[in-house]
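Chains A and B are the protein sequences, given in the same order.
With numbering that gives the first Met the number 0 applied, the first sequence corresponds to residues 0 to 424, in that order.
With numbering that gives the first Met the number 0 applied, the second sequence corresponds to residues 0 to 481, in that order.
Glycine residues also receive a C-beta, built at the ideal position from the N, C-alpha and C atoms.
One structure is given below, encoded as structure tokens.
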Amino acid sequence: MLRKIQLFTAVLLWLVSFTLYRTLLSHVLYYFDQHHLFIYTRQYIATVWRREGWEGLATDFVSQFFHNEVLGAAVLATILVLIYLSFCSILRSARIWCQKRKDKADARLRVGKVVSWLEILQVPLLLTLFVFFSFTRLEDSVSTLVGYLGTFGFWAVLLRILRRKEQSSEQPRYATYISASVTLLAFLFSGYLFQKNYNIPERIMLKTQQYAEEGDWDNVLEYTSAYLRSGHNNILIAYYHSLALAEKGALTKNLNRALQGESDPAVNYILQMGPQALFFPWRSNSRESEYGSLIYERLGLINEAQHWETEAMQVFGLTAPHLTRLAKYAIATGRPEAAEHFIEPLRHTLFFRGEAAALEGMNAKGEVPGLKNAFAVASDTTKAHFTNVTSLSAQLKYALACDSTNTLAQDYQQTCQILSSLQQK
Amino acid sequence: MRNILFLFILTLLAACSSTPHEATVQKDALPPLSQDFSGVTFPVNIAAPSFSFCAPAEEVELEVGISGMDPAIFVSADTADIVPPLDEWHELLNAAQGKQIYLRIRALEDGQWTGYKDVVAEVSRDSIDSYLVYRLVYPGYELWGEMGIYQRDLSSYEETVVIRNTDISDKTCVNCHNFAAGDVQKMMMHVRGPIGGTMLIRGEDIRKINPAAHPVGGDLPNGATYPSSEKSGRFIAFSSNNVQQFFHSDGKKLIEVSDMASDLFVFDTQTGDAITSPDISGDEWMETFPTWSEDGLYFCRAKAYKEAMPLDSIRYDLCFVSFDQTTLQFGKPEVVYSPSAEGHSCSFPRVSPDGRWLLFTQSDYGNFSIWHPEADLYLMNLADRSIRRCDELNSDNTESYHSWSKDGRWVVFSSRRIDGNWTRPYLAHFDAATGTFGKPFLLPQETTDYYLQLMQSFNVPEFTTAPITIRKSLLEAIQKEE
Chain A
0 MLRKIQLFTA VLLWLVSFTL YRTLLSHVLY YFDQHHLFIY TRQYIATVWR
50 REGWEGLATD FVSQFFHNEV LGAAVLATIL VLIYLSFCSI LRSARIWCQK
100 RKDKADARLR VGKVVSWLEI LQVPLLLTLF VFFSFTRLED SVSTLVGYLG
150 TFGFWAVLLR ILRRKEQSSE QPRYATYISA SVTLLAFLFS GYLFQKNYNI
200 PERIMLKTQQ YAEEGDWDNV LEYTSAYLRS GHNNILIAYY HSLALAEKGA
250 LTKNLNRALQ GESDPAVNYI LQMGPQALFF PWRSNSRESE YGSLIYERLG
300 LINEAQHWET EAMQVFGLTA PHLTRLAKYA IATGRPEAAE HFIEPLRHTL
350 FFRGEAAALE GMNAKGEVPG LKNAFAVASD TTKAHFTNVT SLSAQLKYAL
400 ACDSTNTLAQ DYQQTCQILS SLQQK
Chain B
0 MRNILFLFIL TLLAACSSTP HEATVQKDAL PPLSQDFSGV TFPVNIAAPS
50 FSFCAPAEEV ELEVGISGMD PAIFVSADTA DIVPPLDEWH ELLNAAQGKQ
100 IYLRIRALED GQWTGYKDVV AEVSRDSIDS YLVYRLVYPG YELWGEMGIY
150 QRDLSSYEET VVIRNTDISD KTCVNCHNFA AGDVQKMMMH VRGPIGGTML
200 IRGEDIRKIN PAAHPVGGDL PNGATYPSSE KSGRFIAFSS NNVQQFFHSD
250 GKKLIEVSDM ASDLFVFDTQ TGDAITSPDI SGDEWMETFP TWSEDGLYFC
300 RAKAYKEAMP LDSIRYDLCF VSFDQTTLQF GKPEVVYSPS AEGHSCSFPR
350 VSPDGRWLLF TQSDYGNFSI WHPEADLYLM NLADRSIRRC DELNSDNTES
400 YHSWSKDGRW VVFSSRRIDG NWTRPYLAHF DAATGTFGKP FLLPQETTDY
450 YLQLMQSFNV PEFTTAPITI RKSLLEAIQK EE
């Protein structure tokens, strides 16, 4: 009967974790998908093995499935269930081994009783729930999950082989009741803990980033407005909020409205922060490097977008978003051989082959749909122009001098002027 | 059951031991290979190159032999990865010293074995130095993740770690490895970061030093930057630079690395003094990239940077200053070559070990030529100071850093000719009698797609005559508190 409870627990665990990873924790999958890439080449495997060992390889391997949200959630739920079942199997094997002794004075028999209580009290479930909670924090890597699975899985299989066909004796009936109650309590308490510790700001930030990358500006506005209006302040959220407003052609308009007394906490924060709420001035900050390229990409300042993206790749390694963006920037700036080099790793992945093929097509045509190079039409090639990495306004001035029809740049330039004059006051 | 197994093994053996096919079609063209080996001069001790056949074909056969003789190597491969076996390759090269070898390709195209013209290459009697030391780093900007200095056995494919920043801390940068005449017992390198310093290696003695700590003859506010070790190992010339990075707003150039100030000095490893003079450390000029000759230093010099000066107006001339190793006195600097007069700029001067030639890089402006697609290699004959562009080495893309082998018969240089973004090391033979280089070839790798897969650049390739074997003690010395 205890085994039936364990099986029922496994099914419930799978369903609950799958549902959570599909809904409230989908940002966790997105985060890992953005930061890991498994490349099916000898060179990549050798490099990661040398640098990070099996844990690095396992992390990249598992994370690759997160690109597909359903598959990713299923893989994670399955890993959790396997951890649980492995631990159950280890305890069962240990109990059988201990109970082979008939001498009641034997210490092994006493150990067997302790092990039996560990099973009854669903310690494997408690441990699995602990692992689950660990993984809801982004700083805990997938390798933790894989590490648990590897360790428990190894011992479970080994002990199962050693005990062969020996069966365990039936547990008393009260054990079933206790186990079922503990299971129920564990799930209920976990639900309470989950609700209490759920990191809403983290989810908002990641979902905002995801929508911004997808160009879904309505959703970006919805998330960032809700965040800023809830009394929280965050420079990254302000950055995405201003970008979404500019994309909707409403950045200057909303700022002016706020200045005329129409209070909007979301815009007020931008007014308070000044021009630095619009972009990240370059200050060699590795964390910021991940986000900085998007505004330049949208403005058509491709060289600067490339600068930020290259910095991000140096810090975070070869990941699909960095490779894809760098390939696009190389195409947009007329460097097809470099683009080819960025596309190459994507060809050797499970889920980005299609992306690689699409990029190849763009490279052949020499243009990326939706990506414009602000300097493609007219730039002064007689002398070198260098980016003022601390002033967006200076960059926009040169971009508008080359292409006065760049409406996004116009909106940002007007906003910069408003914010700068406010700061001077 | 045994019979079936025996038959299976026989079938497998038969499949493995393929024999050369006769070409039914012969094309009057060189085979379309991923690398052009035609006319290349190989050192006798170099590892076999790998390459691919770049046209549709089901199978490819390669025969390699000494010209006029039967093939000594036969390889049947798929089109993607053609690599002569290393042992047979070395045997062949030993026998072919001073002679020509051919690479004969046949490809199974549309069901027919098609032959191509032989690719003919030279095999030099001159050995190349046994190791190449380089830094592998993303072609980057300001931040960095993993980077390391590696060494490669040139007669095999073995690459080993000299030091990686992750061995210390990923906030650390390791760079500017330099050797006295390729001697790994007389090495130095910089470590930047919280526990940084200049690592001075003299055999077993490894010390962390600050070469600019005791200036004599002038101020050196910018520490020690680009090094050049004098061949005895006693002196190391440094430039002392305030380096800044700038980013191009538009165009195909991405980065400009420019000095805001720079000076020269010679570090005396015996006394710890940083010897300079007002002529090479004043405010009027920026001096950088020193390199030793028998009687002094060649270096690059530009007018000092002033506020708001356009970076593309900074141009460097090639200069010389004598240095008396007995009195430790500098002479007066003189301009040897003035590319700035014609709107150009030079960098990375390197004097050949026999003191007769000076190889340098020339670009449109600045001194960090790796980001300049127009950068090319030039050679100066030091006897008459005549200069020529080394067209046999150059490409349409960047050629930049370079280094001579110990005997001066080979050079290694950095080039971005493949894709314009990643630096790869090319090797070329040098004929000191005529002052000409052989056709260069890419550092051979075990797999054809090695460079395609590698996202890092080869930085500062330097020859050494032996492997570096002090990794553990070097790490201990780096981590040791001063």
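Within the 9 Å Cβ cut-off, does residue i reach chain A?
i                : result
LEU253 (chain B) : yes
ALA14 (chain B)  : At ALA14 (chain B) the pLDDT is 45, less than 50, meaning the model places this residue with poor confidence; the figure from the coordinates comes in the next sentence. No, its Cβ sits nowhere closer than 9 Å to a Cβ of chain A.
ILE369 (chain B) : no
GLY250 (chain B) : yes
PRO48 (chain B)  : no
ASP395 (chain B) : no
GLY451 (chain B) : Sequence inspection shows Leu at residue 451 (chain B); the Gly mentioned does not correspond to that position. Interface residue, yes.
TYR315 (chain B) : no
ASP418 (chain B) : yes
HIS401 (chain B) : no
ARG355 (chain B) : no
MET259 (chain B) : no
PRO309 (chain B) : yes
Does any C-beta atom of chain B lie closer than 9 Å to the C-beta of residue i?
i                : result
TRP48 (chain A)  : no
PRO344 (chain A) : yes
TRP53 (chain A)  : no
Kindly give me the distance between the Cβ atoms of residue i and residue j, rounded to whole angstroms, as I take these residues to be in contact under 8 Å.
i                : j                : result
THR332 (chain A) : ILE294 (chain A) : Not a contact, Cβ separation roughly 17 Å.
LEU199 (chain B) : THR268 (chain B) : 6 Å
ASP152 (chain B) : LYS405 (chain B) : With a Cβ gap of about 16 Å, ASP152 (chain B) and LYS405 (chain B) do not count as contacting.
ALA174 (chain A) : LEU12 (chain A)  : The pair is not a contact, with the Cβ atoms about 20 Å apart (cut-off 8 Å).
PHE440 (chain B) : VAL132 (chain B) : Contact doesn't hold; Cβ gap of about 19 Å is too wide.
SER337 (chain B) : TYR364 (chain B) : Between TYR364 (chain B) and SER337 (chain B) the Cβ distance is about 14 Å, and since that is not below 8 Å, they are no contact.
LEU480 (chain A) : TYR30 (chain A)  : Only positions 0 to 424 of chain A appear in the structure, and residue 480 (chain A) is not among them; the question remains open.
SER482 (chain B) : PHE298 (chain B) : Nothing in the structure corresponds to residue 482 (chain B), since chain B is present only between 0 and 481.
Express the C-alpha separation of residue j and residue i in angstroms, rounding to a whole number.
i                : j                : result
SER489 (chain B) : GLN99 (chain B)  : Lying before the first or after the last residue shown, residue 489 (chain B) is absent from chain B, which here runs from 0 to 481.
GLY196 (chain B) : PHE266 (chain B) : 14 Å
ARG228 (chain A) : GLY149 (chain A) : 45 Å
LEU317 (chain B) : SER385 (chain B) : 13 Å
GLU308 (chain A) : LYS438 (chain B) : 36 Å
PHE329 (chain B) : ARG349 (chain B) : 19 Å
SER16 (chain B)  : THR113 (chain B) : Residue confidence for SER16 (chain B) is low, a pLDDT of 48 falling below 50, so the modelled location carries little weight; the figure read from the coordinates is stated next. About 21 Å.
ALA303 (chain B) : LEU32 (chain B)  : 48 Å
ALA237 (chain A) : TYR20 (chain A)  : 27 Å
ALA373 (chain A) : HIS247 (chain B) : 13 Å
PRO466 (chain B) : VAL160 (chain B) : 10 Å
SER180 (chain A) : LEU125 (chain A) : 13 Å
ALA319 (chain A) : GLY353 (chain A) : 12 Å
ALA329 (chain A) : LEU349 (chain A) : 23 Å
TRP48 (chain A)  : LYS364 (chain A) : 37 Å
GLY281 (chain B) : SER238 (chain B) : 13 Å
GLY360 (chain A) : TRP370 (chain B) : 28 Å
CYS87 (chain A)  : LEU117 (chain A) : 9 Å
SER288 (chain A) : SER126 (chain B) : 46 Å
ALA356 (chain A) : ARG134 (chain B) : 32 Å
GLY222 (chain B) : ALA211 (chain B) : 5 Å
TYR377 (chain B) : GLY55 (chain A)  : 45 Å
According to DSSP, what are the bridge partners of residue i?
i                : result
VAL160 (chain B) : B:TYR149
ASN241 (chain B) : B:ALA260
VAL141 (chain A) : VAL141 (chain A) is not bridged to any residue.
GLY497 (chain B) : Residue numbering for chain B in the displayed model covers 0 to 481; residue 497 (chain B) lies beyond these limits and cannot be assessed.
MET312 (chain A) : DSSP, once it has assigned bridges, lists no residue as partnering MET312 (chain A).
Would you mind stating whether residue i and residue j have Cβ atoms separated by less than 9 Å?
i                : j                : result
TYR312 (chain A) : HIS321 (chain A) : It should be pointed out that residue 312 (chain A) corresponds to Met in this sequence rather than to Tyr. Cβ distance < 9 Å, so MET312 (chain A) and HIS321 (chain A) count as in contact.
GLU336 (chain A) : ILE417 (chain B) : yes
PRO70 (chain B)  : PRO19 (chain B)  : yes
ARG300 (chain B) : VAL334 (chain B) : yes
SER413 (chain B) : SER394 (chain B) : no
VAL118 (chain B) : VAL43 (chain B)  : no
LEU128 (chain A) : ALA9 (chain A)   : no
GLU145 (chain B) : ARG163 (chain B) : yes
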